[in-house]
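Have a look at the structure below, then the notes.
Residue numbers (the working numbering): 153 to 415.
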């Protein structure tokens, strides 16, 4: 089977770094197949990719990352075709239908998170959309990424949502094309895109406060967790240990200090 050059950096990143020793176990994971700065990058150099490479090394494991459209990734984890999904927020529906989260006292354990991320609302400068932390007021369409959890939040707030695209750049461009009155995108992703596209940054503003902030996890398929509960817990423990390490903090800080250039 031919693998495109665009996919190779993801797959190659997390092979065992143990000098040829057989891995203790192999974990097949999937993730969104587009940049999510600074966490997941097509170059393979995102913070989460660094994080999981360190986890693989610590556990003498092989963690294979396969980029997929997000809905397909969730479907393959749900069916057991993939062992885990990378960078997934919690919902009761996902915990029932997709996979197993690290839990503590009946709730997802934020100590085992990969990261914490927020969503924010964006509009053209001088627009009339409003968000005060409680009530959302938008006269028109709100664009958001297909398959992302923010869609449910927006609909629950009474917004009319266009989730026909999963490309955050396209979603931001809908504002200047007058195809949406507001957009809801992960804050660091949107801010990095605007920084890389001055023509958009000159016309678009971010509203405060953030719409929501929440932790994101590595989520195991029900099949993998039931077959390998000890290995699953070892991975979550290593995620916490690596995230709290000085080396991780240095890498995350260095990546954030050099945002991506525009296309």
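Glycine is no exception: its CB is placed at the ideal position from the N, C-alpha and C atoms. Only a predicted model underlies this, so the values are computations on that prediction, with no experimental measurement involved.
Under DSSP, residue 267 takes part in a beta bridge, and its partners are 368. One Cα belongs to residue 306, the other to residue 332, and the distance between them is close to 14 Å. For residue 358, no alpha helix (DSSP H) run applies; the uninterrupted beta strand (DSSP E) run containing it begins and ends at 356–358, by DSSP. In the three-state reduction of the DSSP assignment, residue 363 falls in the coil class, being assigned neither a helical nor a strand state. Every beta strand (DSSP E) stretch that sits fully inside the segment 241–299 and reaches 3 residues is listed by chain position as 267–276 and 293–297.
Residue 236 is positioned such that its CB atom lies closer than 8 Å to that of residue 179.
Boundaries of the beta strand (DSSP E) harbouring residue 338: 334–338, taken from the DSSP string. Residue 344 is not a Cβ neighbour of residue 232, given a cutoff of 8 Å.
In the structure shown, residue 187 adopts coil according to DSSP, grouped into three states.
The closest CA to that of residue 209, considering only 394, 405 and 401, is found on 394. Following the DSSP letters along the chain, one finds residue 193 in no alpha helix (DSSP H), marked with neither H nor E.
Cβ contact annotation for residue 403 (same chain, cutoff 6 Å, sequence separation greater than five): 202, in chain order. Residue 304: member of the alpha helix (DSSP H) spanning 302–308, first to last residue. The count of Cβ pairs closer than 8 Å, one atom from the segment 312–330 and one from the segment 253–265, stays below three, leaving the stretches out of contact. For residue 314, the secondary structure class from DSSP, reduced to helix, strand or coil, is strand. In the displayed model, residue 344 falls within a helix according to three-state DSSP.
The beta carbon of residue 218 is closer than 6 Å to those of 182 in its chain, skipping five residues each way along the sequence. The Cβ neighbour count for residue 285, taken over all protein chains shown within 10 Å, is under 16; the residue is labelled exposed.
The alpha-carbon of residue 189 is positioned some 12 Å away from that of residue 348. Spanning the alpha carbons of residue 279 and residue 350 requires a straight line of approximately 19 Å.
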